[in-house]
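For the sequence shown, our numbering assigns the number 547 to the initial residue and increments by one for each residue that follows. By construction, the Cβ of each residue, glycine as well, lies at the ideal position given by its N, Cα and C atoms. Since this is a predicted model, take the numbers as computed values, not measurements. What follows is a short report on a single structure.
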Amino acid sequence: MANQLRRKGIVIVISDFFDDEAKVLEGIQHLRFGGHEVVCFHVMDPYELEFPFTGLVEFEGLENIPKILTRPAELRKTYLREVEAFQTRLREGCEKNQSHYVLVNTAEPLHEVLSGYLAFRLRTTTR
């Protein structure tokens with residue numbers, strides 16, 4: 547995509563980033579080397595962020611990952627730790643590439659997410 551962008555500008559990436567992390571960060575790095583400013587909005591559902599499931603639950607995997615039947619209470623602590631580590635790797639990868647990382651909880655109104663980011667941007671660019 548970076549090769550198709552002729553003029554330098556702001557590239558906004560809106561994704562759940564459930565892909566190969568190395569390729570995602572490589573893409574961000576490529577955009578930055580092309581002179582673009584990159585903003586990554588990491589979109590996650592409250593259920594992904596909080597893992598509030600109880601009882602016996604069947605989870606459907608992404609893409610070709612099979613369904614599993616399990617008790618979420620047994621997985622919750624490990625799952626939340628992995629999600630936090632995933633977010634940290636993405637945030638640190640963005641920071642390393644001088645890009646902005648914004649976690650977006652889909653339960654939050656979009657206008658609040660965007661106004662919060664724009665306020666942050668205004669504070670950090672007018673120094």
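Subject >> Limits of the unbroken alpha helix (DSSP H) element including E583 >> reply: Where E583 is concerned, there is no enclosing alpha helix (DSSP H), although the beta strand (DSSP E) it sits in stretches over E583 to M590.
Original post:
Residue range of the alpha helix (DSSP H) that F632 falls in?
Top reply: Per DSSP, F632 belongs to the alpha helix (DSSP H) from P618 to K642.
Original post:
With which residues is V570 paired in a DSSP beta bridge?
Top reply: BP columns for V570 are empty, so no partner.
Subject >> For H646, the residue or residues it bridges with in DSSP >> reply: H646 is bridged to V585.
**OP:** Kindly indicate which residue of P655, E654, Q633 and K642 has the alpha-carbon position closest to the one of D565.
**Re:** Nearest option by C-alpha distance: Q633.
**OP:** Pick helix, strand or coil for L615, following the three-state DSSP scheme.
**Re:** Residue state, collapsed to three classes: strand.
Original post:
Under three-state DSSP, which class holds F525?
Top reply: The requested residue 525 does not occur in the structure, where the chain is confined to residues 547 to 673.
Original post:
In terms of residue numbering, what span does the beta strand (DSSP E) encompassing F605 cover?
Top reply: Run containing F605: V603 to F605, per the beta strand (DSSP E) assignment.
**OP:** Keeping to the same chain, check which residues put their C-beta closer than 6 angstroms to that of D591; ignore five residues upstream and five downstream.
**Re:** Excluding sequence positions up to five before and after D591, its CB lies within less than 6 angstroms of the CB of T652, all in the same chain and listed in chain order.
Original post:
Among all the DSSP beta bridges, which residues are the ones paired with N610?
Top reply: Note: N610 sits in no beta bridge, so no partner.
**OP:** Rounded to whole angstroms, what's the CA-CA distance from Y647 to R635? Just pull it up for me.
**Re:** Rounded to whole angstroms, Y647 to R635 spans 11 angstroms at the Cα level.
Subject >> Residue interval of the alpha helix (DSSP H) (run including G662) >> reply: Following the DSSP letters along the chain, one finds G662 inside the alpha helix (DSSP H) bounded by residues L656 to T671.
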